[in-house]
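The next block holds one structure in the form of structure tokens; read it before the comments.
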Amino acid sequence: MDLLNILTENFGIPVIADEQKIWFFRTKAGQFYLDFQYNNFIALGWELVDPELIKNQEILPDSKKEEIIRLYPKEKRPGLILGQMDIFYNKMKEGDFVVIPSTGGKEIAVGRIGGFIGNVYHKPQNEEYAQCDFSHKRAVTWMKNIESWQDIYLFKALRAQQTISDITGEAKLLCRNLFPVYVYREKIHCTLQKRTYEDLSLVDNVEIQYNLLQMLNITTELYGMESVKEQVVIKTAVGSPGFIEMILPNIPISIITIGIVIKFVSGKTKTVDGSTATGISALISTVNTLFNDCNA
């Protein structure tokens with residue numbers, strides 16, 4: 056395992072693979088939003104279509120379409136049905152992200168797709184909710200709910216009209232709301248969320264960015280590494296609420312700096328002997344140990 060992997064694992068920074076897919080899955084105008092979340096699944100209609108027909112790669116697409124026309128003679132878009140079911144059964148993989156919208160698109164839920172499942176037990180809740188009886192189902196492990204005020208750019212990107220759409224191109228928008236820090240395509244992204252409706256002054260904004268760069272400079276000097284501050288990109292939307300996103304090259308010094316920010320904010324880290332300590336000195340000790348282990 057190389058130093059980058061050791062550092063990201065030790066600091067708990069998720070690494071998003073290049074092949075990671077993200078799917079936008081509609082909920083019948085939000086009708087099934089709660090059902091999908093409460094009962095950990097997503098579902099697709101067209102119950103007359105046999106899943107084995109869709110999964111069988113030896114059957115030509117035109118033959119599959121003809122069967123769909125036979126089953127649904129009044130359906131004007133058999134190709135659309137085939138395309139959506141092909142995604143559901145053949146292209147959506149276990150571990151892919153799935154995003155579902157609430158009524159009016161005021162909120163989304165994000166989860167990881169699991170395997171195919173049969174009947175779902177609709178758990179009772181304090182509130183009544185519409186229950187989906189579609190026959191084609193997949194398990195989902197829900198991770199987080201994101202409200203529209205958190206990132207207007209993300210919600211503007213979710214305009215897909217079909218039931219299932221590939222929105223992998225919006226990975227960075229989604230991931231910055233899922234993870235405070237993550238690595239994607241050779242960059243490390245760190246997002247500071249502003250969750251209050253209070254104004255952020257110009258001085259506060261400048262000082263936040265200045266202090267982040269200062270931490271990078273100090274860490275660079277401490278470990279005798281080449282400065283990368285010229286490569287740092289800052290994206291801001293500091294409205295009420297808003298965010299500041301710092302993007303750095305995916306190299307050890309960037310991960311050490313961001314790791315220190317994460318651990319210092321949480322206030323605790325583990326020392327070499329396994330005890331819990333606080334402060335920058337404990338973090339530096341941990342990083343030194345990682346360097347020594349990797350170079351041994």
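Going by the working numbering, the letters in the sequence shown line up with residues 56 to 351, in that order. Idealized CB from N, CA, C, for every residue including glycine.
On the three-state DSSP scale, how would you describe residue i?
i    : result
T312 : helix
K199 : strand
E300 : strand
F143 : helix
G334 : Residue confidence for G334 is low, a pLDDT of 41 falling below 50, so the modelled location carries little weight; the figure read from the coordinates is stated next. Looking at G334 - three-state DSSP - the assignment turns out to be coil, as it is neither helix nor strand.
L103 : coil
I207 : helix
Where does residue i land, buried or exposed, given buried means 16+ other C-beta within 10 angstroms?
i    : result
T324 : Any reading at T324 is ruled out, since the residue's pLDDT is 40, under 50, leaving its predicted position unreliable.
F171 : exposed
T246 : buried
V104 : buried
D254 : exposed
A72  : exposed
S309 : buried
Q92  : buried
Q269 : exposed
G160 : exposed
I313 : buried
T82  : buried
G279 : exposed
A292 : exposed
K401 : Any answer about residue 401 is impossible in this case: the structure gives the chain only from 56 up to 351.
P307 : buried
T63  : buried
G224 : exposed
T251 : exposed
Ends of the alpha helix (DSSP H) at residue i?
i   : result
R81 : Premise fails: R81 is in no alpha helix (DSSP H) and is neither H nor E.
F91 : Y88 to Y93
I61 : L58 to N65
Identify the continuous beta strand (DSSP E) that holds residue i and give its terminal residues.
i    : result
F171 : E162 to I172
F152 : F152 to P156
Can you check the segment 211-297 for any beta strand (DSSP E) of at least 3 residues that lies completely inside it and give the ranges in chain order?
219-221, 236-239, 242-249 and 288-292
With three or more C-beta pairs closer than 8 Å as the rule, is the segment 105-117 touching the segment 219-232?
no
Length at least 4, wholly inside the segment 105-139: the alpha helix (DSSP H) runs in chain order:
106-110 and 116-126
Just checking, does the segment 132-148 make contact with the segment 91-108 on the three C-beta pairs under 8 Å criterion?
yes
Touching or not, the segment 154-162 and the segment 212-227, by the rule of three or more beta carbon pairs under 8 Å?
yes
Between the segment 118-131 and the segment 181-199, do three or more beta carbon pairs fall short of 8 Å?
no
How about the segment 81-96 and the segment 176-195: do they share at least three Cβ pairs that are nearer than 8 Å?
The segment 81-96 is in contact with the segment 176-195.
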